[in-house]
Amino acid sequence: MVPDPPGTVSFVGEVQAAVPLVPESEDDCCARLMRRCGFDSRDVARTWLTFLRAVGLARETDAGFERTRVEATADHLRTAYLDGVYGAREAAEALLAARDGDGGSGGGTAPGGVAVDAAFARVRERVPGWERNRTTDWEDVWRERVGLTLEWFVLLGLATEADGEYAASDELVAIESRGG
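Be aware that the sequence shown starts at 850, since it is given in our numbering, and climbs by one per residue.
Structure below.
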């Protein structure tokens, strides 16, 4: 699960800091995130907890969830997002293909830009069967998720956005050229 991207990368560190160093149950962690970060529902807090696990800023143990000692920097989050968030690599590939002239304009007008629908087309075949069978509107759910991923890319400096189209940044190109 991917939360809405915050206004700043530093907010991710604030959310991470709200996760206890000593493991607590999921319910206790969610309540703590709600209290300390101002999340308005347990679902939002749970989504953030899942996200923090995906990017290596929290982990689940037998005793519950705990904060890792990894710092929530933009550098860490760039690579961790690409490696830990399902579908992020495919979304990045769509941006890189468009930059290289192999993906076209994705339904928009900006050269080298990719609209959410074009990026979703790249991710679509990778959506697991159980996700497809979980809900009848799985395509809408995953299209939204890809859109959120592209917004996270902008926050993390992996992409730029103009007129609803996303383009790979030099930072994304550099990460991919180093092999992720």
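Every residue, glycine too, gets a C-beta built ideally from N, C-alpha and C.
As the structure is a prediction and not an experimental result, all values here were calculated from the model.
query, result
"Would you identify the three-state DSSP class for V996, choosing helix, strand or coil?", "Val is not the amino acid found at residue 996; the sequence shown has Gly there. In the structure shown, G996 sits in a helix (DSSP, three-state: H, G or I)."
"Does any CB atom of chain B fall closer than 8 Å to the CB of C878?", "Judged by its chain identifiers, the structure shown contains no chain B, having just a single protein chain."
"With DSSP collapsed to three states, give me the class of G913.", "strand"
"Compare the beta carbon distance of P869 and C879 with 8 Å and say whether it is the shorter of the two.", "no"
"Just to confirm before moving on: does the CB-CB distance between T998 and V851 stay below 8 Å?", "yes"
"Using 8 Å as the threshold, is the C-beta distance between Y930 and L1005 below it?", "yes"
"Whose C-alpha, out of T896, C886, S859, is nearest the C-alpha of E875?", "T896"
"What residue from D1012, R983, V861, V972 has the CA that sits closest to R994's CA?", "V972"
"Is R908 helix, strand or coil when you go by DSSP?", "strand"
"How is Y935 classed by DSSP in three states: helix, strand or coil?", "coil"
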